[in-house]
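Since the structure comes first, as structure tokens, the remarks are kept for the end.
There are 2 protein chains.
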Amino acid sequence: MNMKLISGNVCAPQGFKAGGIHCGIRRNKTKKDLGLIVSENRANTACTYTLNRIKASPLKITKNHVSDGYAQAIIVNSGNANSCNIDGDEKAIAMARLAAKTLNISPQDVIVASTGVIGEILPIKPIEDSLPALNDMLNDTDGMDAAYAIMTTDTRPKEIAVEFVIDNKVCRMGAIAKGSGMIHPNMGTMFGFITTDTAINTSMLAKALKETVDDTFNMISIDGDTSTNDMVCLLANGKAGNKIIDNTGENYDIFVNALRYISEYLSKEIARDGEGASKLIICNAINSSSIADAKKIAKSIITSSLFKAAMFGADANWGRIFCAAGYSGADFDPDKVDISLSSKSGSVDVCKNGLGLKFDEEQAKNILLEDEITVVINLNEGKYNATAWGCDLTYDYVKINGDYRT
Amino acid sequence: MNMKLISGNVCAPQGFKAGGIHCGIRRNKTKKDLGLIVSENRANTACTYTLNRIKASPLKITKNHVSDGYAQAIIVNSGNANSCNIDGDEKAIAMARLAAKTLNISPQDVIVASTGVIGEILPIKPIEDSLPALNDMLNDTDGMDAAYAIMTTDTRPKEIAVEFVIDNKVCRMGAIAKGSGMIHPNMGTMFGFITTDTAINTSMLAKALKETVDDTFNMISIDGDTSTNDMVCLLANGKAGNKIIDNTGENYDIFVNALRYISEYLSKEIARDGEGASKLIICNAINSSSIADAKKIAKSIITSSLFKAAMFGADANWGRIFCAAGYSGADFDPDKVDISLSSKSGSVDVCKNGLGLKFDEEQAKNILLEDEITVVINLNEGKYNATAWGCDLTYDYVKINGDYRT
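Taken in order, these protein sequences are the chains called Z and W.
Here our numbering is used: position 11 in the first sequence is 27, and no number is missing along the way.
Here our numbering is used: position 257 in the second sequence is 273, and no number is missing along the way.
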């Protein structure tokens, strides 16, 4: 596939601007808490939303606004989730209206997103007061301010951009994401805002996003908690000038390849920056008899608190990996399972045909002391593979969440 | 119902003896690691087992041994799970054979149980060498040595006994249990060994155990991990001399009432003593439209890492409770939900009709600083209730599991 990494994020594609500012929702004045991402024109848009039964007001309003397949701007705040509030819908509508007025576009073309504490009333005045300044700051060269504005317990912003050629036209795709706790996506949790100047119709855009999110964002877990607020939005404004992608085929594949690269990169970055995490854990479930079983096994393993704590302690306690596969609900024969652990310090086989192998504990410890660990569980039954991403469970996770609100 | 608490445990019913000893499976010589529970005669027996797809050898052997509905003894070790070992079945059979020889009973009447690290070869010689001494120590007055012998990361033994009258005969039921980590039972996880001198046939015994375990042991979660090893065994030797219970009715109800009391008590004790736990969390999901939904909601809440960490921090972050209900998979209307938090220091309403209430943070903090917290989530939709038990997520959980094997 033709594709290369370029610098930047949501502003990398033609016709997109972004900015971020501290408006005052968060008490800490050094932290940005309001972001805007704007397309020059109405962009074809696809979104995925949390499957949590409880949906925050911004999601309901966004769902309504993008029901026509278009959006032109994203307004997003951190520090308050605007979820489970009596005036939540009203406030989310007001955010869209205020952004639309500032940008001189239709409120119906504004996506609204909020992240932070659930059940606290969102103050609208700081947003209203700061929008003119934020509008002045919008620029098409650097979306980092927006990337900072959506962070909560994240320790660093997440951004990426790529370039590819479709129909002899240079197309770009860029993204920012946030997410560090309450991460166990089920059809698009956390925030991922992805922009592209590729011309692609809304049905193909929705299809591409759905299949990509299922294999990437939906395969992360930090703590098994699926949030009420989060979503992935993909805006395509067509500025690259390629012949519009309106069907599957080579051009669609190039587009999906780029989207998958970006989504997988951001998924790994989110898992790596999980609340309190000291390492990224990658689990490959291979040679399963079905893709669904492979996904269940990989996700069950990276979700296990016992396994995650063992990874924090660099303890090759593989029984916990096998145990988590066993209760995953997946269909497999335990007597065929092989397990290995690896990192840049090497690889060690710990289980063969469902039975423990003798291995060098010292070597295993050294492998697990690295900051990126790969677990391979080979079911030896079929041809389907799946990957899930997670992180270790540390003292800092407990610390961060023992008193999140203060 | 006629029933009263009495002192003691598995030895409280007539015709049962027990003992425990340090045989050498565990390195720490101050920790007992081999236990025996013996009935004078073959007892009608019912067991429930983990639903983990990976089943440890002792469970397979036990399942075979109790397939005729009888058992006379339980041999159990801690310090090694005898799970995922090449010679696991062989070793479990050897344990039964050695115990049977010592006790002069049939190996087919021996239940075998092991708990500890998965995937390490179980040494049989310490068991063989210690059985004569253990046999000499068996007594019918004090089962505490057996209660100690089954402990792993438990900080204290769990025991209980009750007395009730059936058919003008005094019947007793006693139990010991263990369980502190890898606790998220699905049809009988952890160990619960329950003895009774009540006369009851095997089909009624199995029915009583199944319905009780579903509402008690299966409603605990410490870390969401369902173990490969654990089981609940109920032995009824008939020594009380009551007319045998062979059908539902008043006598069966008295029996189930006692069994439920014991099982609920032990479930709470296991949750309270969860790895690293500083408090017991009780979640009542009430007025649900179905029992299955009530159970899903209660269990999802006490399983949420974010909620558990908030309880550790005495932070009334009720959004995490609501969020966990939302992703539980249960059917309910978020707009009808009320949530309150209580302890012996008082009670506070935090959510009404799915919306946050203003509450006194100071008061909420004081309530949550206690060591037993009750969450009530009222679905306001139907008449079904369920209770689940869990504990908080603490630094010590991470510490204990970061290096469990050393």
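The beta carbon of each residue, even a glycine, is placed where N, CA and C say it ideally should be.
Given the structure is predicted, the values throughout are model-derived calculations rather than measurements.
Query	Result
Counted within 10 angstroms of its Cβ, other Cβ atoms place Z/P1 as buried (16 or more) or exposed	Nothing about residue 1 of chain Z can be read from this structure; chain Z reaches only from 17 to 422.
Beta-carbon proximity of Z/E291 to Z/T168, cut-off 7 Å	no
Contact list for Z/T410 against chain W, beta-carbon separation under 9 Å	V414 and G418
Residue-level contact to chain Z via CB, W/C27, 7 Å cutoff	no
7 Å Cβ cutoff, W/C299 in contact with chain Z	no
Environment of Z/K295 [buried if 16+ CB atoms lie within 10 Å]	buried
Neighbourhood of Z/D105 by C-beta, 7 Å cutoff - its chain only, sequence neighbours within 5 removed	S73, K76 and I77
Ordered list of alpha helix (DSSP H) runs contained in the segment 46-107 of chain W, each at least 4 residues	73-81
Chain W within 7 Å of Z/P350, Cβ atoms only	yes
Coarse secondary structure for W/S316, derived from DSSP in three states	helix
Test: W/A308 CB closer than 7 Å to a CB of chain Z	no
Minimum Cβ-Cβ distance from Z/A62 to chain W less than 7 Å	no
Chain W contact for Z/G370 (CB, 7 Å cutoff)	yes
Contact check, Z/I166 vs Z/K194, beta carbons under 7 Å	yes
Neighbouring residues, chain Z, relative to W/F271 (Cβ below 8 Å)	What W/F271 touches in chain Z: nothing, since even the nearest Cβ is about 31 Å away.
Z/N155, DSSP secondary structure in three states	strand
For Z/M220, the residue or residues it bridges with in DSSP	In the DSSP output, where bridge partners are listed per residue, Z/M220 has none listed.
W/G342 and Z/I70 closer than 7 Å at C-beta	yes
Three-state secondary structure assigned by DSSP to W/D365	strand
Length of the line joining the Cα atoms of Z/G418 and Z/C339	28 Å
First and last residue of the uninterrupted alpha helix (DSSP H) at W/C339	G335 to G342
contact_flag[the segment 313-331 of chain Z, the segment 392-412 of chain Z] where n(CB pairs < 8 Å) is 3 or more	yes
Close-in-space but distant-in-sequence residues of the same chain around W/K312 (CB under 6 Å, 5 per side omitted)	S344, G345 and A346
Three CB pairs or more closer than 8 Å across the segment 131-140 of chain W and the segment 85-103 of chain W	yes
Integer Cβ distance of W/V126 from W/A87, believed to fall under 8 Å	7 Å
W/K185, enclosing beta strand (DSSP E) - first and last residue	K185 to K194
Z/D49 burial status per 10 Å Cβ neighbour count (16 or more: buried)	buried
Beta carbon proximity, W/T205 to chain Z, threshold 7 Å	At W/T205 the pLDDT is 42, less than 50, meaning the model places this residue with poor confidence; the figure from the coordinates comes in the next sentence. Not closer than 7 Å to any Cβ of chain Z, the Cβ of W/T205 fails to qualify, so no.
Through-space distance from Z/N245 to Z/G85, alpha-carbon basis	20 Å
Interface partners of W/W334 on chain Z, CB under 7 Å	G135
W/V186, buried or exposed, once every other Cβ within 10 Å from all chains shown has been counted against 16	exposed
7 Å Cβ cutoff, W/A402 in contact with chain Z	no
As assigned by DSSP and simplified to three states, the class of Z/Y411	helix
Minimum C-alpha distance to Z/L395 - residue among Z/G36, Z/P350 and Z/A149	Z/P350
Minimum Cβ-Cβ distance from W/C407 to chain C less than 7 Å	Included in the structure are the protein chains Z and W, with no chain C among them.
Distance between beta carbons of Z/A314 and Z/T403, contact taken as under 8 Å	6 Å
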